[in-house]
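Heads up: the sequence lines are chains A and B, in that order.
When the count follows the numbering used here, it moves up by one through the first sequence with no breaks and lands on 342 for the last residue.
When the count follows the numbering used here, it moves up by one through the second sequence with no breaks and lands on 342 for the last residue.
2 protein chains.
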Amino acid sequence: MASERLTYKDAGVDREAVAGALGAARDRIRGTYTPQVLGDLGQFAGLFHLRSYRDPVLVSTIDGVGTKVLLLREAGRLEVAGRDVIAHGVNDVAVLGAAPLFALDYVAAAQLDPREVAALLEGMTAVCREEGIALIGGETAQMPEVYTTQGLDVAACVVGVVERDELADGAKIKTGNVLIGLASSGLHTNGFSLVREIMARRGWTLDAVPGDLGAPLREVLLAPHRSYRKPLLALARSQWLRGAAHVTGGGIAENLARILPQSCRAVIDSRLWAIPRLFGVLAQAGNLDRAELLRTFNMGVGAIAVVPRERGRLSVDICRANGAEAWIIGDVVAGERGVEVR
Amino acid sequence: MASERLTYKDAGVDREAVAGALGAARDRIRGTYTPQVLGDLGQFAGLFHLRSYRDPVLVSTIDGVGTKVLLLREAGRLEVAGRDVIAHGVNDVAVLGAAPLFALDYVAAAQLDPREVAALLEGMTAVCREEGIALIGGETAQMPEVYTTQGLDVAACVVGVVERDELADGAKIKTGNVLIGLASSGLHTNGFSLVREIMARRGWTLDAVPGDLGAPLREVLLAPHRSYRKPLLALARSQWLRGAAHVTGGGIAENLARILPQSCRAVIDSRLWAIPRLFGVLAQAGNLDRAELLRTFNMGVGAIAVVPRERGRLSVDICRANGAEAWIIGDVVAGERGVEVR
């Protein structure tokens, strides 16, 4: 034993394989670079030249994709996890009226298959190009004994910018404003631990077509997280976006509450949009009570924008013109700060 | 089964416990806020007011702490993982001559013990205060089946800023410059998978005092990652910092090579500093060859600054005056781009 010559591979870590996968993705990553990116890959930190702002506020967020990654990995669809993690961050930035500028990613597993690293980067870089943001940094870690064999985690930080006087942080929300709901593409990245528990108890595979779902779970559950950058920034440019919420963990109520000022109460009428069948199927299969359902899933609403009542219809039109189905789903009324979903 | 009412807890996720731990850490987190932080906790993204820069370049990095976290968790020292992850990012930013401004953290495990979340945040916020940076965002995820029972991951993104004409990216390094090595506090966060493999094969616990180490492994291995912000930014302010490298995974050669221009070769003389005993002990116990040793561990040098020869002695003094032991460890010579450690 004493004479055995150890190397890093003996610790279950294949550095060369991952370096190879990252190397192969170089051109994809460079393909996301906007003119503000300085330097190239391989620096200790990503460089972004912030030009031409009067009074810039940096708007930054970090997120993961949760246990949806387990289903995506099982299905060989890790590019969706890459899309999800960037879209999530883009939305967190855009709800404040800010333009996302760049992203950094973190990928870790017990051992990383180079093809999986490539799929993740394919998804991330595709969204970055669509959103006009640069992937300027990342870390890829192999951590045996931290991750399970099937486990893999992916997180990303997204940084954006907004002029200070154009920040839409909800402070200007007031009684009489209306709530615009923007359609989600499904669960996005929330509620998957509960969904997987339901699937396990019901014996559902990804190919199951439970209840009146009308399509296999694979198709419905694994849809990528939608980006709301375009509709939200179009509303922000219109100058009447009072605030917006990204509906993630905690559901509509918990997330909308984050932007409400004191003495403003949001009342949402759930008959004002068509709740996708998936949520009914899950509620029934898991015998979920309404409160659990509402605080776990987005119920078909992936983001909510708050605008003056007289701009409500026009705001819906602007969202639709920018690729997002949207509806007026409720009002801001005077009352105890909070959100009521009727 | 159909009548059993499922909740998120059935999926092995205790949202309330983690929310409680984060809530309790609120004041600690607010304690890191610098005057540029706008708003408060609970927004969709952290807000940082970037004031008074002529021509700002944002300098951003994301990092984890690797499998050191397993030893730290076992030892009940997770506050060190919090310190490590912030210090790592601070150094990645500071080697470019940039001042770190703020950080965002990501913490995930199968299940999170609120006391462990508290310890991580205690370490992160302590370094943030020492470094004058704000912890403006974070995500805490419970992911059963992704993480092992003993597994836990912590990553952080650090964003800094530098005036474009003060960026120290290595482009100005030239023949005749000298290399200043800054003392590490031990392994920092690199090589732990290999170290743990050696420990397992040798039957060493954290209380072992192998070879001529002179102290228990616990003390030597678990030392926090050192921050080089002060010495590096002091050199940057002096205007003669040509470039700097953070010595992490890949060791001295691979990291220093990242900043060398074409036709510049770095030659390091390893007799010019005292390599801490730990590295000899590990080399012997794992029967590591010299190449593996050098590309896995920092060998006592946590960062390297490149300065003009005539500023070498003064640079060493500046580093020491800013809390970092330092030595001239080599030269930049003409030759094929690369690093030679003799």
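Note that beta-carbon positions come from the ideal geometry of N, C-alpha and C, so glycine has one too.
Self-check item: Beta-bridge partners of A:I268, as assigned by DSSP
Solution: Here residue 268 of chain A refers to the residue found at position 268 when the first sequence is read from its first residue. The partner list for A:I268 (beta bridge, DSSP) reads A:G330, A:V341.
Exercise. In the DSSP assignment, find the alpha helix (DSSP H) that holds B:S193 and state where it starts and stops.
Key: Reading the second sequence from its first residue, position 193 is the one you call residue 193 of chain B. Residues 192-202.
Quiz item: Can you pull the DSSP bridge partners for A:D63?
Solution: Residue numbering aside, residue 63 of chain A sits at position 63 when the first sequence is read from its first letter. Per DSSP, A:A156.
Quiz item: Skipping 5 residues on each side, what residues in its chain have a beta carbon closer than 6 angstroms to that of B:Y106?
Solution: As a working mapping, residue 106 of chain B is identified with position 106 in the second sequence. Sequence-distant Cβ neighbours of B:Y106 in its own chain, meaning closer than 6 angstroms and more than five residues away, are E139, A155.
Quiz prompt | Own chain residues within Cβ distance below 8 angstroms of B:R83, not counting five before or after | solution = Position 83 of the second sequence, counting from 1, holds the residue named residue 83 of chain B. Counting only Cβ-Cβ distances below 8 angstroms, and skipping sequence neighbours, we find G123, M124, A126, V127, P224, H225.
Quiz item: Since A:I253 contacts A:L194 with CB under 8 angstroms, what's their CB separation in whole angstroms?
Solution: For the purposes of this step, residue 253 of chain A is taken as the residue at position 253 of the first sequence. For the purposes of this step, residue 194 of chain A is taken as the residue at position 194 of the first sequence. Note that residue 253 of chain A is Ala in the sequence shown, not Ile. 17 angstroms between Cβ atoms; not a contact.
Quiz item: How would you write the range of the alpha helix (DSSP H) that A:Q284 sits in, first residue to last?
Solution: Position 284 of the first sequence holds residue 284 of chain A. DSSP places A:Q284 inside the alpha helix (DSSP H), whose first and last residues are 277-285.
Exercise. Report all residues from its chain with a CB closer than 7 angstroms to the CB of B:A25; omit the five preceding and five following residues, and keep chain order.
Key: Within the second sequence, residue 25 of chain B is the residue found at index 25, counting from 1. Sequence-distant Cβ neighbours of B:A25 in its own chain, meaning closer than 7 angstroms and more than five residues away, are A118, L121.
Exercise. With a cut-off of 8 angstroms on the beta carbons, I'd call B:V341 and B:I173 a contact; round off their distance for me.
Key: For the purposes of this step, residue 341 of chain B is identified with residue 341 of the second sequence, where counting begins at 1. For the purposes of this step, residue 173 of chain B is identified with residue 173 of the second sequence, where counting begins at 1. So it is not a contact: roughly 17 angstroms between Cβ atoms.
Self-check item: Expected contact under 8 angstroms - CB spacing of A:A183 and A:A324 to nearest Å
Solution: Here residue 183 of chain A refers to the residue found at position 183 when the first sequence is read from its first residue. Here residue 324 of chain A refers to the residue found at position 324 when the first sequence is read from its first residue. The C-beta distance from A:A183 to A:A324 rounds to 6 angstroms, short enough to meet the 8 angstroms contact threshold.
Exercise. State yes or no: is the beta carbon of A:F351 nearer than 8 angstroms to at least one beta carbon in chain B?
Key: Here chain A comprises residues numbered 1 to 342, so residue 351 of chain A is not present and cannot be evaluated.
Quiz prompt | Cβ pair B:P114, B:V18 closer than 8 angstroms | solution = Here residue 114 of chain B refers to the residue found at position 114 when the second sequence is read from its first residue. Here residue 18 of chain B refers to the residue found at position 18 when the second sequence is read from its first residue. Yes, they are a contact pair.
Quiz prompt | Min CB distance A:I155 to chain B below 8 angstroms | solution = For the purposes of this step, residue 155 of chain A is identified with residue 155 of the first sequence, where counting begins at 1. Just to set this straight, residue 155 of chain A is Ala in the shown sequence, not Ile. Closer than 8 angstroms: yes.
Quiz prompt | Per DSSP, cross-strand counterpart(s) of B:G181 | solution = What you label residue 181 of chain B is simply residue 181 of the second sequence in a count that begins at 1. Per DSSP, B:I304, B:W327.
Exercise. Measure the beta-carbon distance from A:Y147 to B:V146 and round it to whole angstroms, keeping in mind my assumption that it falls under 8 angstroms.
Key: As a working note, residue 147 of chain A is residue 147 in the first sequence. As a working note, residue 146 of chain B is residue 146 in the second sequence. Taking 8 angstroms as the upper bound for CB-CB distance, A:Y147 and B:V146 are in contact here, some 7 angstroms apart.
Quiz item: Would DSSP call A:I136 helix, strand or coil?
Solution: Stepping through the first sequence from its first residue, residue 136 of chain A is reached at position 136. It is a strand residue.
Quiz item: Which first and last residues belong to the alpha helix (DSSP H) in which B:G123 is found?
Solution: Working through the second sequence from its first residue, we reach residue 123 of chain B at position 123. Element bounds for B:G123: 114-131.
Practice problem: Report yes if the C-beta distance between A:A321 and A:V95 is below 8 angstroms; otherwise report no. | Solution: By 1-based counting over the first sequence, the position of residue 321 of chain A is 321. By 1-based counting over the first sequence, the position of residue 95 of chain A is 95. Taking 8 angstroms as the Cβ cut-off, A:A321 and A:V95 do not qualify as a contacting pair.
Self-check item: For A:V90 and B:L58, the rounded distance between their alpha carbons
Solution: As a first step, residue 58 of chain B must be located in the second sequence, where it is residue number 58. As a first step, residue 90 of chain A must be located in the first sequence, where it is residue number 90. Distance between the alpha carbons of B:L58 and A:V90 is about 18 angstroms.
Quiz item: Looking only at its own chain, which residues have a Cβ that is under 6 angstroms from the Cβ of A:G312, when we skip the five neighbours before and after it?
Solution: Working through the first sequence from its first residue, we reach residue 312 of chain A at position 312. Excluding positions up to five away in sequence, the list reads V178, I328.
Practice problem: With DSSP collapsed to three states, give me the class of B:V161. | Solution: Locating residue 161 of chain B in the second sequence gives position 161, where the first residue counts as 1. Here B:V161 sits in strand by DSSP.
Exercise. Go through its chain and collect everything with a Cβ distance to B:Q262's Cβ below 7 angstroms, but skip five positions before and after it.
Key: Here residue 262 of chain B refers to the residue found at position 262 of the second sequence. Hits under 7 angstroms: R337.
Quiz prompt | Same chain, Cβ closer than 6 angstroms to B:D331, five either side skipped, listed in chain order | solution = Position 331 of the second sequence, counted from the start, is the residue given in the question as residue 331 of chain B. Closer than 6 angstroms at the Cβ level, and outside the excluded window around B:D331, lie V178, V267.
Quiz item: Is the CB of B:G82 under 8 angstroms away from at least one CB in chain A?
Solution: Numbered from its first residue, the second sequence carries residue 82 of chain B at position 82. Chain A, which has no Cβ nearer than 8 angstroms to the Cβ of B:G82, makes this no.
Quiz item: Is A:A2 helix, strand or coil when you go by DSSP?
Solution: For this step, residue 2 of chain A is matched to residue 2 along the first sequence. With a pLDDT of 47 at A:A2, under the threshold of 50, the predicted position of this residue should be treated as unreliable, though the coordinate-derived value follows. Secondary structure at A:A2: coil, using DSSP grouped into helix, strand and coil.
Quiz prompt | Partners in chain A for B:D92, counting only beta-carbon separations shorter than 8 angstroms | solution = Taking the second sequence and counting its residues from 1, one reaches residue 92 of chain B at position 92. Under the 8 angstroms cutoff, chain A gives F44, A45.
Exercise. May I ask you to report which of helix, strand or coil DSSP gives B:G251?
Key: As a first step, residue 251 of chain B is located in the second sequence; it is residue number 251 there, counting from the start. Looking at B:G251 - three-state DSSP - the assignment turns out to be helix.
Exercise. Assign B:Y33 to one of three DSSP states: helix, strand, or coil.
Key: Working through the second sequence from its first residue, we reach residue 33 of chain B at position 33. In the three-state reduction of the DSSP assignment, B:Y33 falls in the coil class.
Quiz item: Is the Cβ of B:A2 closer than 8 angstroms to any Cβ of chain A?
Solution: Here residue 2 of chain B is taken as the residue at index 2 of the second sequence, counted from 1. Model confidence at B:A2 stands at a pLDDT of 47, short of 50, so the residue's coordinates are unreliable; what they give is reported in the following sentence. The beta carbon of B:A2 falls within 8 angstroms of a beta carbon belonging to chain A, placing the residue at that interface.
Quiz item: Leaving out the 5 sequence neighbours to the left and right, which residues in its chain are closer than 7 angstroms to B:Q284 when beta-carbon positions are compared?
Solution: Position 284 of the second sequence, counted from the first residue, corresponds to residue 284 of chain B. Setting aside the 5 residues that flank it on each side, B:Q284 is surrounded in the same chain by G211, each with a C-beta closer than 7 angstroms to its C-beta; the list follows chain order.
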